[in-house]
Each structure stands twice: as C-alpha cells, then as structure tokens.
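Residue numbers (the numbering used here), protein chains in the order written: chain A, 9 to 175; chain B, 9 to 175. The beta carbon of each residue, even a glycine, is placed where N, CA and C say it ideally should be.
Number of protein chains: 2
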Amino acid sequence: MAPPPSAASRIGVLLLRSLTFACLVISLILLTTDTATLEVDLLEFKVRFKDVYAYRYMVATTVMGMAYSLCQIVLTLYYITTGNRLMSDDNNLQFDFYGDKVVSYVLLSGAAAAFGATKDMKPLFSGSGDVDKFFNKGYASASLLLLGFVCTAMLSVYSSYALPKKV
Amino acid sequence: MAPPPSAASRIGVLLLRSLTFACLVISLILLTTDTATLEVDLLEFKVRFKDVYAYRYMVATTVMGMAYSLCQIVLTLYYITTGNRLMSDDNNLQFDFYGDKVVSYVLLSGAAAAFGATKDMKPLFSGSGDVDKFFNKGYASASLLLLGFVCTAMLSVYSSYALPKKV
C-alpha cells in the first residue's frame, strides 16, 4: 500500500482539478453561446454548435470531464474536512488512476476532433457572414478544452506513480 | 525496483507493439494512396490526403507512432536475444511509461482530428465525383489508427503498473 499523500500534494491535486473544471466550464459556455449567420444564395441561416458534429462531440466530452472533475473535487474536500475516504485507499488510487487516464483521453479526443474539423471547415465558409467569428470561438473553446486535458494528463502521471504495483 | 517481467508478459507486450505497428503501417498506406476527383463547376480537381489538414496531421502522428513502436520492438528483441538492456531497469521502465503515455495521446489526437474533419466535411462534398470513397478510406485509415491507439493505451496501463513508485 502506498503511503498517504502529503498535504502539499493533496492541495496541488485539488488545484489542478479545480483548474480543469474552470477551463471546461468556460469552454462549454463559449461553445454553447457560439452562433453565426451563414449567407448562401441570398438566404440567411443561423448556425449553432449543434450544426457541427465535432462541436457536439466536444460538448459531450466537456460535460463528461466536468462531471468527473466535480466528483473528484467533492471527494477530495470530503477527505480534507473529515479525514475519511468513501473508498479504501487502494480502491481510491485505482479509481484516480483509471479515471484520470480515461478522462484525459476523452478530453483530448474532444479537443482534437474540434481542432481537426475547425481547421478544415473554416476556409470553406470564409467570407460568408460572420462564420469566421463562429469558428474562431470554436478554436478558443477547443483550446480551453486542451488546457483541461493538459491538467488531467499531469494528474494522470501523478496517479500512475501513486498506483500500488501489481506486475 | 520492480521484479523483472515474466517471459509471458514480455511476449504479450511484444505482440501488442507488433499489432500497433501493423495497424499504423496499413493506416498510412491506406491514407497516402487515397485519391479522388472533385468536380466543381465542370472543372475537375485531383484531391489527395495533403488537401485535408486533419489527414496531414494524421500522417504525422502515424509516422511518430510507427517510429516509437519500431524502436520498442527492436529494444525488446535485443533484450530477448542477448538478455541485456541498453538502459538500466529503472530508466527502461520510465521510458516505457512516458513513451506509451505520450504516444497514446499522439495517436488518439490524430485519429480524433481525422474523424472530426471527415464527419463534418463528407456531407459538404457528397455527390461531387468519387469524394465519398475518398472520405470512406479516410474513415478506414482513422479506424486503424484508433486500433493502434487502443493497443498503446493497454500498454500504457501495463507500464504504469510496472513503474517504480516515487510518491
């Protein structure tokens, strides 16, 4: 069994989780409020994030990441205030390890899908209405998601080192 | 220091690395031979993977993954045949851990970017020449890259458990 983590490392982990959560919240707000008017043959269409499949997927991954971060923040605060854990130490380390690993993959896939789609779609619609602004906000949202991924990847390295060895 | 891995786990790791390498080679061949003819206003344009930014990125990530897998396969075969390692055991475990982690992220980002771009671009060009076939081959290539990622992610879980503990 691993020794219990120091207070400094617990606070570092809590800060990284809070930073992840903050990035994801801002990313979600940016993306869901992102609208544009597309002009095609003198007709105007309203474009929202729902019209780009990659952005829908990005929203799904962001929400999943937010739920996980919030759950981890609550568990850490509960531990700091009461000194008890809801799970045994080993189960807790396994949960951190697999959680951080899977969620970091999920966040990265959302950000990469959004970057890939935005980079290739933006030139196709360039100049029609304010679509440039729409895609730029998409970039900003994906960048924040990428920052959330970087924090989670750092947590994933930490939770891998904390893992009890089996092989 | 971790105990040396058993022969069975060494062979399992070698098989997973070889499977990753094979998936990446087929993915690269599929993508680089993927061409189509796009018809716009009675003009015909030749489309290659280089014309889609996400596919260029996918090629870069695939080549990086292939180089890493090949390097790991050579190191493992050298160890199996001579019984010696080029690095100390601890350095070797660290190299496996960070290598598998970073390369799995790289492969996933390539596959996700390609899926994101293909899903959103395909309907835009649907019906113009044989572009549907072009994007379908893009999907196939990205799926193989995703399979390579899954193998590397499994190796990454294994190398995390094998890691010497520090925290």
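### Task
Could you round the C-beta distance between S117 (chain A) and A120 (chain B) to whole angstroms and report it? I think they count as a contact, below 8 Å.
Right, the Cβ-Cβ distance comes to about 4 Å (below 8 Å), so this counts as a contact.
### Query
Does S151 (chain B) come within less than 7 Å of chain A when only Cβ atoms are used?
Using beta-carbon distances, S151 (chain B) does not count as an interface residue toward chain A, since no partner is under 7 Å.
### Task
Check the Cβ of G124 (chain A) against every Cβ in chain B and list those closer than 8 Å, keeping chain order.
Against chain B, a Cβ distance below 8 Å from G124 (chain A) picks out Y61, A62, Y65, A120, A121, A122, F123, G124, A125.
### Task
Could you tell me the distance, in whole angstroms, from the CA atom of L39 (chain A) to the CA atom of V71 (chain B)?
It is roughly 32 Å from the alpha-carbon of L39 (chain A) to the alpha-carbon of V71 (chain B).
### Message
Can you tell me whether S35 (chain B) is buried or exposed? The criterion is at least 16 other CB atoms within 10 Å of its CB, across all chains shown.
### Response
Residue burial annotation: S35 (chain B) is buried, with at least 16 other C-beta atoms found within 10 angstroms of its C-beta.
#### Entry: Same chain, Cβ closer than 7 Å to L154 (chain A), neighbours up to 5 away in sequence not counted
Shown here for L154 (chain A): same chain residues with a beta carbon closer than 7 Å to its own, the five before and five after excluded, namely A119 in chain order.
### Query
Rounded to a whole number of angstroms, what is the C-alpha to C-alpha distance between L132 (chain B) and L50 (chain A)?
Rounded to whole angstroms, L132 (chain B) to L50 (chain A) spans 19 Å at the Cα level.
### C-alpha distance - F143 (chain B) paired with Y63 (chain B), whole-angstrom precision
Rounded to the nearest whole angstrom, the C-alpha separation of F143 (chain B) and Y63 (chain B) is 10 Å.
#### Entry: Segment limits, beta strand (DSSP E) that includes R56 (chain A)
Residues 51 to 56.
### Task
Figure out for me which residue from A:V60, A:V48, A:R18, A:V67 has the closest Cα to the Cα of T31 (chain A).
Correcting the residue type first, residue 31 (chain A) is Cys in the shown sequence and not Thr. Nearest neighbour of C31 (chain A) by Cα position, chosen from A:V60, A:V48, A:R18, A:V67, turns out to be A:V67.
#### Entry: Assigned secondary structure, M9 (chain A) (DSSP; H/G/I helix, E/B strand, else coil)
With a pLDDT of 46 at M9 (chain A), under the threshold of 50, the modelled position of that residue is not reliable, and the figure given next carries that caveat. Three-state DSSP puts M9 (chain A) in coil, outside helix and strand.
#### Entry: Three-way DSSP call (helix, strand, coil) for T160 (chain B) in this model
Looking at T160 (chain B) - three-state DSSP - the assignment turns out to be helix.
### Message
Tell me the residue span of the alpha helix (DSSP H) that contains V48 (chain A).
### Response
Where V48 (chain A) is concerned, there is no enclosing alpha helix (DSSP H), although the beta strand (DSSP E) it sits in stretches over 43 to 48.
### Query
List, in order along the chain, the chain A residues whose C-beta lies closer than 7 Å to that of D128 (chain B)?
Taking the beta carbon of D128 (chain B) as reference, the chain A residues within 7 Å of it are V60, Y61, A62, A125, M129, listed in sequence order.
### Within chain A, the residues that S117 (chain B) reaches when beta carbons sit closer than 7 Å
The contact set of S117 (chain B) on chain A, defined by CB atoms closer than 7 Å, consists of L116, A120 in chain order.
### Message
Excluding the 5 residues flanking F123 (chain A) on each side, which residues of the same chain have their C-beta closer than 7 Å to its C-beta?
### Response
Cβ within range, chain order: A150.
### Query
Do you know how far the Cα of M162 (chain A) is from the Cα of L101 (chain B)?
Per the coordinates, the alpha-carbon of L101 (chain B) lies some 18 Å from the alpha-carbon of M162 (chain A).
### C-alpha distance - S168 (chain B) paired with A16 (chain B), whole-angstrom precision
S168 (chain B) and A16 (chain B): Cα-Cα distance of roughly 18 Å.
### Task
Report the rounded CA-to-CA distance for V21 (chain A) versus D98 (chain A), giving the unit in angstroms.
Using only the alpha carbons, I get a separation of about 18 Å.
### Message
7 Å is my cut-off, CB to CB: does Y113 (chain A) come that close to chain B?
### Response
Residue contact with chain B for Y113 (chain A): present (Cβ-Cβ distance below 7 Å to some residue of chain B).
### Message
Just to make sure I have the definition right: I need the residues of chain B whose C-beta is within less than 9 Å of the C-beta of Y87 (chain A). Which are they?
### Response
Ordered by position in chain B, no residue passes the 9 Å Cβ test against Y87 (chain A), which lies about 16 Å from the chain.
### Message
Under DSSP, the alpha helix (DSSP H) around L85 (chain B) begins and ends at which residues?
### Response
Where L85 (chain B) is concerned, the enclosing alpha helix (DSSP H) starts and stops at 61 to 90.
### Where L171 (chain A) meets chain B, residues with beta-carbon distance less than 9 Å
Neighbourhood of L171 (chain A) in chain B, by CB distance below 9 Å: S168, Y169, L171, K173, in chain order.
### Query
Given that F105 (chain B) touches chain A, what residues does it touch there, using C-beta distances under 8 Å?
Those are S168, listed as they occur along chain A.
### Message
Given a cut-off of 7 Å on the beta-carbon distance, is the pair D104 (chain A) and Y61 (chain B) in contact?
### Response
No, these two residues do not count as a Cβ contact at 7 Å.
### Amino acids of chain B, ordered along the chain, whose beta-carbon sits closer than 7 Å to that of L132 (chain A)
Those within 7 Å of L132 (chain A) in chain B are L132.
### Query
Taking 7 Å as the CB-CB cut-off, is M9 (chain A) touching chain B?
Its pLDDT being 46, under 50, M9 (chain A) is placed unreliably in this model, and the value from its coordinates should be taken loosely. Taking Cβ atoms only, chain B never reaches closer than 7 Å to M9 (chain A), which makes this a no.
### Query
How long is the line joining the alpha carbons of G156 (chain A) and F157 (chain B), rounded to whole angstroms?
Straight-line Cα distance between these residues: approximately 21 Å.
### Task
Just the C-alpha distance for D42 (chain B) and G146 (chain B), rounded to the nearest angstrom, thanks.
CA-CA distance, D42 (chain B) to G146 (chain B), rounds to 8 Å.
### Query
How many Å lie between S14 (chain A) and T84 (chain A) at the Cα?
Rounded to whole angstroms, S14 (chain A) to T84 (chain A) spans 13 Å at the Cα level.
### Query
Given a threshold of 16 other Cβ atoms within 10 Å of its Cβ, counted over all protein chains shown, does M95 (chain A) qualify as buried or as exposed?
An exposed status is given to M95 (chain A), since fewer than 16 other beta-carbon atoms sit within 10 Å of its beta-carbon.
### Task
Indicate the three-state DSSP secondary structure (helix, strand or coil) for A125 (chain B) in the structure shown.
Three-state DSSP puts A125 (chain B) in a helix.
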